[in-house]
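**Student:** One structure is given below, represented as structure tokens, and several questions about it will come after.
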Amino acid sequence: MPTVSTPNLTLSEADSQVTVSVDYTVTFDPWDRALVGLGRRYHRHLNIHGWDGGPDLGAAIPEAEFIRFDFPVTVGTTDQVFVRNEHKLLPRSFFQEDPTGNPDELKANVLIHSNQVIQEWSPDAISDTETLTSAP
Numbered sequence: 014m015p016t017v018s019t020p021n022l023t024l025s026e027a028d029s030q031v032t033v034s035v036d037y038t039v040t041f042d043p044w045d046r047a048l049v050g051l052g053r054r055y056h057r058h059l060n061i062h063g064w065d066g067g068p069d070l071g072a073a074i075p076e077a078e079f080i081r082f083d084f085p086v087t088v089g090t091t092d093q094v095f096v097r098n099e100h101k102l103l104p105r106s107f108f109q110e111d112p113t114g115n116p117d118e119l120k121a122n123v124l125i126h127s128n129q130v131i132q133e134w135s136p137d138a139i140s141d142t143e144t145l146t147s148a149p
């Protein structure tokens, strides 16, 4: 299964809007690429979650889910690497996951999925924590 590395979440606030940016790298090894020749396809799930400490993410914020992206993986004998930077502009109110006055801490989770007959998911690739301090 492909690996996701260096996920990084960045949040920029302006005029009651938040620009959500997620950078990450996905590496498909020769085995992943060989499976493409047999019909396997890979796509990305990218969700933003609330986080209040501890080992578990909060629920995904449905309005902040990114549209799926299909990787154009080709057959080959070396690693194929995709460096991605994705952005989404959303209302600040979508991220109000803590009581008013308590900052909203967020993380991004990047997963690679292949949903052929035998489904496969990559391990979670969770970003750093970013905090929104403005009120929605």
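As numbered in my numbering, residues 14 to 149 make up the sequence shown, in order. Ideal Cβ placement from N, Cα and C applies to all residues, glycine included. A quick note: this is a predicted structure, and the numbers were derived from the prediction, not measured.
(1) Tell me the rounded alpha-carbon separation between L145 and F95.
(2) Count the other CB atoms within 10 Å of the CB of P15; is the residue buried (16 or more) or exposed (fewer)?
(3) With a Cβ-Cβ cutoff of 8 Å, do S25 and V17 count as a contact?
(4) Could you pull the start and end residues of the beta strand (DSSP E) that D36 belongs to?
(5) Anyone know if the C-beta pair for P20 and I125 falls short of 8 Å?
**Tutor:** According to the structure shown:
(1) 29 Å
(2) buried
(3) no
(4) Start and end: 30 to 41.
(5) no
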